[in-house]
Each structure stands twice: as C-alpha cells, then as structure tokens.
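What follows is a short report on a single structure.
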Amino acid sequence: EEEGHIDFGTNKTAEYAAKGGESKERIQKAVDYWYVKGLDMFGNSVSRRSERYIYWGLKRRPNAVARQQYKDEVDSLIRQMGLTIPDPNKGRLYM
C-alpha cells in the first residue's frame, strides 16, 4: 500500500511539472529546498557508529553508500520530470 502512495505522489508531481509555468516553478522550489535535507538524513559519511551498526546487523550499508543510492534514484525522478537537480553540496549539514 505504501508503494501506491509513493507512486501517486510521484505521478501527480510529474503531472504538475509537465504543466510548466507556476506549477513547475513551485515544484522546483520545493525540490531545491528538500533535496539537500534528504541527502543529510543519512548522516555523516564517515561515522564510527555506522560501521558498528553494520557489524551488529542494525544497518545494511554505510551512510555514504545509502546516500548515493538515494541520490541516484531521486536524481532520475527529477530528470524525468524535466526539473533541475540542485547542487548536492549547497546547504548540507553532513557530508
């Protein structure tokens, strides 16, 4: 069911982006705002705890790998919608 909600949001966002004009501008503005926040949710790339959590089986991959996989997926969606991918380093808290 969750996948259906994600698909609905993605499809509606793409629909509004395709309309162009103010709709597309508003979506681009939201992407610009949330993009780096999404990248930051994975924490620091170099983390002692991250490796420990992987060892204990609490995580499957290091922060940097998870972040890159997320970025690859999101960048593809942004491109498909005809939007501009924001600078991935602008305004970041964690690298």
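Just so we're aligned: the sequence shown equals residues 29 to 123 in the working numbering. In this text, a Cβ means the ideal position worked out from N, Cα and C, and glycines have one as well.
{"Asked": "Restricting to Cα atoms, I'd like to know which of S51, A92, Q96 is closest to N72.", "Found": "A92"}
{"Asked": "How far does the alpha helix (DSSP H) with L86 in it extend, from its first residue to its last?", "Found": "Here L86 belongs to no alpha helix (DSSP H), and DSSP marks it neither H nor E."}
{"Asked": "Counting C-beta neighbours from all protein chains within 10 Å, is the total for R77 16 or more, i.e. buried, or is it exposed?", "Found": "exposed"}
{"Asked": "Could you give the C-beta distance for K99 and P116, rounded to a whole number, given that I count them as a contact under 8 angstroms?", "Found": "7 angstroms"}
{"Asked": "Does DSSP classify G71 as helix, strand or coil?", "Found": "coil"}
{"Asked": "CA-CA distance, A42 and Y122?", "Found": "29 angstroms"}
{"Asked": "Between M109 and A58, is the Cβ-Cβ spacing less than 8 angstroms?", "Found": "no"}
{"Asked": "Look at the alpha carbon of G48 and the alpha carbon of S104, and state the distance between them as a whole number of angstroms.", "Found": "19 angstroms"}
{"Asked": "Going along the chain, which residues of its own chain have a beta-carbon closer than 7 angstroms to the beta-carbon of T112, five neighbours each way excluded?", "Found": "Q56"}
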